[in-house]
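Taken in order, the sequence shown gives residues 1 to 208; the numbers are from this note's numbering. Glycine included, C-beta positions come from ideal geometry on N, C-alpha and C.
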Amino acid sequence: MHLMYFTEQPMSAYPVEEGKRLGYTATMFPNKYFDPVEATRLYHERLEEYLYAEEMGVDGIMLNEHHNAPFTMQSKINIFASLLAGMTKRVKIVLLGNPLPVCDNPVRLAEEIAMIDLISKGRLVSGIVRGAGQEQIATNANPAYNRERFEEAHDLLIKTWSVPGPFRWEGNHYQFRVVNPWVLPLQKPHPRIWVPGVVSRETVVWAA
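Laid out in structure tokens, this is it:
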């Protein structure tokens with residue numbers, strides 16, 4: 001059994017009445033209630049919590065991202081993962097995960113994840129997700145192609161990490177004349193991949 005530490009990293013500095021009226025997870029909750037001073041404090045507080053979690057003996061720190069809602073301030077998990085890769089020594093860094101359907105450049109994402117794996121000395125778990133509806137809205141993505149983009153981006157990630165370049169990629173949603181990144185993961189053939197999910201039977205079957 002493994003013990004992991006996880007928090008959504010919510011922004012709490014807004015009127016409770018407005019949260020009750022508009023919905024704490026609503027995509028249209030006005031960002032005029034975002035307090036950058038309080039957010040600065042919370043980001044640093046979260047980092048301290050993660051370091052303390054490692055000190056207390058947890059096996060891993062889990063990170064996720066969401067957009068357009070106050071229940072999480074993690075708008076790009078790779079940023080926090082990079083910080084933790086350099087600040088921690090032992091814990092696994094678990095991404096839950098990068099939403100592939102809204103990713104316009106899987107090759108660049110592969111480079112980012114590889115850098116985190118190198119900095120952490122191979123402690124990264126690279127989760128990938130299809131993302132919730134609010135992710136589609138926040139990034140102006142077409143939900144009709146969600147699964148297609150997810151599966152193609154996954155295949156491109158794996159090939160980028162495990163097949164020597166240069167090679168060409170001609171897919172339905174992504175085209176690259178040259179795929180030849182000079183940053184590759186420490187873990188071989190690539191970091192462990194987790195696929196979190198809650199409602200899609202198709203994703204469970206695909207992951208299996």
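To the nearest angstrom, how far is it from the Cα of residue i to the Cα of residue j?
i	j	result
Ala53	Leu63	13 angstroms
Arg90	Arg21	43 angstroms
Leu118	Pro185	6 angstroms
Gly60	Lys92	4 angstroms
Ala69	Met28	7 angstroms
Asn142	Gly131	12 angstroms
Leu3	Arg177	43 angstroms
Trp161	Pro196	21 angstroms
Glu45	Leu51	10 angstroms
Trp206	Gly122	26 angstroms
Leu100	Glu18	32 angstroms
Leu156	Val16	44 angstroms
Val37	Trp169	44 angstroms
Val204	Trp194	11 angstroms
Gln187	Ile79	20 angstroms
Ala138	Ser75	11 angstroms
Ser200	Asn105	25 angstroms
I need the DSSP call for residue i, collapsed to helix, strand or coil.
i	result
Pro106	helix
Tyr14	coil
Pro189	coil
Leu124	strand
Phe150	helix
Met62	strand
Val199	coil
Val129	strand
Met56	coil
Met115	helix
Thr27	coil
If we call anything under 9 angstroms between Cβ atoms a contact, is residue i one with residue j?
i	j	result
Val179	Lys159	yes
Met73	Gln134	no
His67	Ser126	no
Glu152	Tyr174	yes
Could you pull the start and end residues of the beta strand (DSSP E) that residue i belongs to?
i	result
Arg177	Gln175 to Val179
Gly97	Lys92 to Pro99
Tyr5	Met4 to Phe6
Phe167	Phe167 to Glu170
Under 8 angstroms: does the beta carbon of residue i sit that close to some heavy atom of the ligand SAM?
i	result
Gly131	Of the ligands one can find in the structure shown there are none, so the ligand SAM has no counterpart to examine.
Kindly give me the distance between the Cβ atoms of residue i and residue j, rounded to whole angstroms, as I take these residues to be in contact under 8 angstroms.
i	j	result
Val163	Ala114	The Cβ separation is near 14 angstroms, so there is no contact.
Ala81	Leu95	6 angstroms
Tyr33	Tyr14	4 angstroms
Lys181	Val107	A quick correction: the sequence has Pro, not Lys, at residue 181. That belief holds up - the Cβ atoms of Pro181 and Val107 are roughly 6 angstroms apart, short of 8 angstroms.
By the DSSP assignment, the alpha helix (DSSP H) with residue i in it spans what residues?
i	result
Leu287	There is simply no residue 287 to check, as the chain begins at 1 and stops at 208 in what is shown.
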